[in-house]
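**Student:** First the structure, then my questions, so here it is.
Numbering (the working numbering), first residue to last: 5 to 489.
Here it is, written out as structure tokens:
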């Protein structure tokens with residue numbers, strides 16, 4: 005009865021929180037609550053509830069306890085006993101689901117404040133005009149987060165060009181999975197959500213656009229698409245530290261919902277004479293939808309357009325804070341010009357200056373934790389983006405004819421669902437930044453064939469017979485699925 009009640013409540017009202025419920029016996033529950041964040045005692049325990057609460061309080065004094073009682077016993081006497089036992093809340097079996105919801109939300113908020121539940125940064129990246137490098141930036145920021153062991157989801161919402169998906173060489177099959185979710189939203193659950201993501205590294209995954217134009221329009225405009233977006237946001241919130249959305253030129257009612265939900269909106273501007281005008285037009289059109297101006301950031305990708313010029317033109321009208329103008333410009337890097345389809349991004353192919361700049365950008369927008377000034381040594385480059393299949397059509401950010409010194413590096417192995425394939429890593433080396441052998445081994449070392457994800461601790465409520473507990477439990481290796489390495 006309790007399991008059904010809580011399952012129904014959480015599925016209807018708290019699905020984004022991803023609380024998990026299972027049942028336990030009062031004589032064996034203590035073995036299952038070492039990582040608990042909440043214990044709920046059912047009224048069927050009757051007098052046993054005092055013993056269970058006392059045992060649990062002695063072992064875990066900081067974990068709150070909820071106690072359900074029969075409506076006939078819901079009185080001042082039960083409140084007094086509960087207070088002596090250290091019970092946080094007494095609820096009648098006939099209590100409204102809203103009363104219980106209020107208490108669960110309060111517990112969730114406390115877990116967020118304590119850091120036990122991660123608070124995900126949702127960052128929307130938008131190029132104010134085509135060809136300014138927004139998709140390149142999204143891929144690079146994903147690798148920055150991955151290298152710093154931050155769980156990151158890259159979300160390609162550019163349904164027209166699919167630049168990010170093609171540049172990272174992701175199979176079409178993942179788009180078909182999105183189509184299934186749109187046609188039958190009820191099949192999207194936590195496990196199927198993970199299965200529908202393209203793995204890039206141990207810490208980074210990619211969510212691709214739908215395969216068909218019809219489904220793309222449904223995602224951007226229709227109520228079914230909005231329902232799917234809300235579920236994706238909910239599941240992402242407790243799986244990832246950072247979600248970076250390449251929104252491209254997508255428009256629609258549901259895109260507005262994404263913009264409202266975003267914690268940061270990063271506008272990328274190139275060196276075209278229309279960049280400032282395009283940014284001004286975008287901000288006038290979407291200003292009310294974005295909500296707070298404090299979440300808007302500006303990033304030039306050319307030294308021909310300075311931050312001071314941008315601020316002079318835009319700030320008197322829109323009045324953004326200091327942080328909006330604090331990001332360093334991401335300048336053109338010849339080393340990284342042809343990154344699409346090469347298993348790497350601007351971050352791992354670029355110069356040390358580019359790497360440090362990307363890390364500063366990541367920290368400035370909250371994709372990485374903020375800290376003091378960065379140096380080139382901050383770049384660990386410990387992981388690399390990996391393809392899910394043989395190369396498909398990729399895009400080139402900018403072309404440039406130049407002489408390159410290509411140095412072959414030791415062979416790397418990438419493990420796929422059709423067996424291992426071999427790839428040889430190459431890199432442009434310039435005399436002013438030759439790598440040491442130790443650095444080279446670190447940068448091009450063999451990638452282990454371990455599981456893709458060590459999923460973050462997910463909030464799980466365990467409800468067992470009359471006892472419900474909340475615990476964090478990572479997925480086991482058997483639960484992990486390599487979907488296209």
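Just so it is clear, CB atoms sit at the ideal spot from N, CA and C, and this is done for glycine as well.
My understanding is that residue 69 touches residue 57, with C-beta atoms under 8 Å, so please give their C-beta distance in whole angstroms.
**Tutor:** 6 Å
**Student:** Can you say whether residue 126 is buried or exposed, counting buried as having 16 or more other CB atoms within 10 angstroms of its CB?
**Tutor:** buried
**Student:** Please determine if the region 299 to 316 and the region 108 to 116 are in contact, where contact requires at least 3 C-beta pairs separated by less than 8 Å.
**Tutor:** Segments in contact, no.
**Student:** In whole angstroms, what separates the C-alpha of residue 456 from that of residue 147?
**Tutor:** Note that residue 456 scores 29 on pLDDT, short of 50, meaning its location in the model is unreliable; the coordinates nonetheless yield the value given after this. Those two C-alpha atoms are separated by around 15 Å.
**Student:** Report the start-end ranges of each alpha helix (DSSP H) in the region 48 to 106 that is 4 residues or longer and not cut off at the edges.
**Tutor:** 52 to 63 and 80 to 89
**Student:** Measuring straight from C-alpha to C-alpha, what distance separates residue 155 and residue 194?
**Tutor:** 16 Å
**Student:** Could you compute how far the alpha carbon of residue 225 sits from the alpha carbon of residue 233?
**Tutor:** 11 Å
**Student:** Suppose only complete runs of 3+ residues qualify. What are the beta strand (DSSP E) ranges in the region 266 to 318, listed by chain order?
**Tutor:** 268 to 273 and 300 to 304
**Student:** Classify residue 370 as helix, strand or coil using the three-state DSSP reduction.
**Tutor:** coil
**Student:** Below 8 Å on the Cβ atoms is my contact criterion, and I expect residue 94 with residue 73 to pass it. Report the Cβ-Cβ distance as a whole number of Å.
**Tutor:** Right, the Cβ-Cβ distance comes to about 6 Å (below 8 Å), so this counts as a contact.
**Student:** How far does the beta strand (DSSP E) with residue 208 in it extend, from its first residue to its last?
**Tutor:** Counting along the chain, the beta strand (DSSP E) containing residue 208 begins and ends at 208 to 211.
**Student:** If we call anything under 8 Å between Cβ atoms a contact, is residue 130 one with residue 143?
**Tutor:** no
**Student:** Is residue 214 helix, strand or coil when you go by DSSP?
**Tutor:** In the structure shown, residue 214 sits in coil (DSSP, three-state: anything other than H, G, I, E or B).
**Student:** Please list, in chain order, all residues of the same chain as residue 152 whose beta carbon is under 6 Å from its beta carbon, the five residues on each side excluded.
**Tutor:** 372
**Student:** Looking at the unbroken beta strand (DSSP E) that takes in residue 131, where does it start and where does it end?
**Tutor:** 125 to 131
**Student:** Mark residue 304 as exposed unless 16 or more other C-beta atoms lie within 10 angstroms of its C-beta, in which case mark it buried.
**Tutor:** Residue 304 sits buried, since 16 or more C-beta atoms from the chains shown fall within 10 Å of its C-beta.
**Student:** Per DSSP, which residues does residue 250 bridge with? Please list them.
**Tutor:** 129 and 160
**Student:** Please look up how many angstroms separate the CB atoms of residue 128 and residue 262, rounded, as I've assumed it's under 8 Å.
**Tutor:** Going by Cβ atoms, the distance from residue 128 to residue 262 rounds to 6 Å, so yes, they are a contact pair.
**Student:** Tell me which residues share the same chain as residue 324 and place their Cβ nearer than 7 Å to its Cβ, disregarding the 5 neighbours each side in the sequence.
**Tutor:** 297 and 300
**Student:** For a test of the three-state rule: what should DSSP assign to residue 339, helix, strand or coil?
**Tutor:** helix
**Student:** So, at 8 Å on beta carbons, what are the nonlocal neighbours of residue 157 in its own chain, with the 5 sequence-adjacent residues on each side left out?
**Tutor:** 201, 208, 209, 210, 211, 240, 243, 244, 246, 247 and 248
**Student:** Which residue from 354, 331 and 344 puts its Cα closest to that of residue 369?
**Tutor:** Put simply, of 354, 331 and 344 the residue whose alpha carbon is nearest the alpha carbon of residue 369 is 331.
**Student:** Taking C-alpha atoms, which residue in 374, 350, 355 and 218 lies nearest to residue 145?
**Tutor:** 350
**Student:** Once you ignore the five residues that flank residue 295 on each side, which residues in its own chain have a CB closer than 7 Å to its CB?
**Tutor:** Contacts found: 264.
**Student:** According to DSSP, residue 203 sits in a beta bridge with which residue or residues?
**Tutor:** The partner list for residue 203 (beta bridge, DSSP) reads 209.
**Student:** Consult DSSP for residue 331 and reduce its assignment to one of helix, strand or coil.
**Tutor:** coil
**Student:** In whole angstroms, what is the alpha-carbon distance linking residue 270 and residue 191?
**Tutor:** 33 Å
**Student:** Does residue 50 pass the burial test, meaning 16 or more other C-beta atoms within 10 Å, or should it be called exposed?
**Tutor:** exposed
**Student:** In whole angstroms, give me the CA-to-CA distance for residue 254 and residue 166.
**Tutor:** Rounded to the nearest angstrom, the two C-alpha atoms are 11 Å apart.
**Student:** State yes or no: is the C-beta of residue 365 within less than 8 Å of the C-beta of residue 318?
**Tutor:** No; because the gap between Cβ atoms is not below 8 Å, this pair is not in contact.
**Student:** Under the assumption that residue 302 contacts residue 266 (Cβ atoms under 8 Å), give the Cβ distance between them as a whole number of angstroms.
**Tutor:** The C-beta separation of residue 302 from residue 266 comes to about 15 Å, leaving the pair out of contact by the 8 Å criterion.
**Student:** Grab the span of the alpha helix (DSSP H) containing residue 148 for me, first residue to last.
**Tutor:** Secondary structure note for residue 148: its alpha helix (DSSP H) is the uninterrupted segment 138 to 151.
**Student:** Quick check: what's the CA-CA separation for residue 34 versus residue 60?
**Tutor:** 7 Å
**Student:** Apply the 10 Å Cβ neighbour rule to residue 199 and answer buried if 16 or more other Cβ atoms are within range, or exposed otherwise.
**Tutor:** By the C-beta density criterion, residue 199 is exposed, having fewer than 16 other C-beta atoms within 10 angstroms.
**Student:** Less than 7 Å between C-beta atoms, sequence neighbours within five positions excluded: which residues of the same chain meet that for residue 527?
**Tutor:** Nothing about residue 527 can be reported from this structure: the residues present for the chain run from 5 to 489 only.
**Student:** Determine, using beta carbons only, whether residue 204 and residue 172 come nearer to each other than 8 Å.
**Tutor:** yes
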